[in-house]
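Novice: Can you read through this structure? Questions will come right after.
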Amino acid sequence: MIKIYFIPILIVSLFVSCASSPPSTTKDVCKIFKEKRSWYRAADKTEKKWKIPISVSMAFIKQESSFVADAKPERRKLLGFIPWKRKSSAKGYAQAIDGTWEIYLKERGNWFTDRNDFEDAVDFIGWYNNKSHRELGISTTNARALYLAYHEGRAGYKRGNHRGKPWLLSVADKVQKQSERYNFQYQKCKKRLSRSFFIFF
């Protein structure tokens, strides 16, 4: 009986491990979606629901976690070498912090979500950026401003907290360029990706 159950369990374990692994390349969004077909379905669903371009959402995830499912901030060092508490409660693909994630769960009415799940994470990014678009008037294609609001919070963005953080402005510029790069790539493979035979699997 042990042998009979062991093989299916092993197969499922290998599947989960493979499904949660980062893509072999993060430079080309077309190659990412070719390798991670379920990611395309999730990103496309997010774009249709929240009106946030796929290129923006993917640029956010690349910056926040480099597509690592269980990414977390580094731990602080006590006395310079003893691992201590993490810098924040950020977790998963979107690096969503506990408080904001809880608000998302309450508004969406679905508690069976996981920050380590790509579909849930990309939906969270779409949800947050859609709010920033509506409440702050930021264009849905302005990845730079959306990222600043994402990082500082909408209230912090309104106060202009980001203006005194040159390093953050530099990161936001990087996200904007990455979004533009992903969009350029995506336009070349969009039709192929949307074909039913491709997204069926």
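Read left to right, the sequence shown gives residues -1 to 199 (our numbering).
Cβ coordinates follow ideal geometry from the N, Cα and C atoms, glycine included.
Since we're looking at a predicted model, the values are computed, not measured.
1) Which class does A94 belong to by DSSP, given the choice of helix, strand or coil?
2) Would you decide whether T44 is buried or exposed? Buried here means 16 or more other CB atoms lie within 10 Å of its CB.
3) How close, in whole Å, do the beta carbons of A170 and V120 come, if the pair is a contact with beta carbons under 8 angstroms?
4) Exposed or buried, which one is S192 when buried takes at least 16 other CB atoms within 10 Å?
5) Please report the residue range of the alpha helix (DSSP H) in which F31 lies.
6) Check the C-beta distance from P122 over to A92 and give it rounded, since I have them as a contact under 8 angstroms.
7) Can you find the residues in the same chain that come closer than 8 angstroms, C-beta to C-beta, to R152, ignoring five residues on each side of it along the sequence?
8) Which class does K89 belong to by DSSP, given the choice of helix, strand or coil?
9) Between the C-alpha atoms of F182 and A69, what's the straight-line distance to the nearest angstrom?
Specialist: Quick answer:
1) Sequence index remark: in the sequence shown, residue 94 carries index 96 (1-based). A94 falls in the strand class under three-state DSSP.
2) Position 46 of the sequence shown, counted from the first residue, corresponds to residue 44. T44 should be labelled buried.
3) Within the sequence shown, the letter at position 172 stands for residue 170. Within the sequence shown, the letter at position 122 stands for residue 120. Between V120 and A170 the Cβ distance is about 19 angstroms, and since that is not below 8 angstroms, they are no contact.
4) Position 194 of the sequence shown, counted from the first residue, corresponds to residue 192. So S192 ends up on the exposed side.
5) The sequence position of residue 31 within the sequence shown is 33, counting from 1. Residues 27 to 33.
6) The sequence position of residue 122 within the sequence shown is 124, counting from 1. The sequence position of residue 92 within the sequence shown is 94, counting from 1. Sequence check: residue 122 is Phe here, not Pro. Confirmed, about 5 angstroms.
7) Here the question's residue 152 lines up with position 154 in the sequence shown. K129, S130, E133, L134, listed in sequence order.
8) Taking the sequence shown and counting its residues from 1, the one referred to as residue 89 is at position 91. Secondary structure of K89 (DSSP, three-state): strand.
9) On the sequence shown, position 184 is the one that residue 182 refers to. On the sequence shown, position 71 is the one that residue 69 refers to. When rounded, the distance between both Cα atoms is 27 angstroms.
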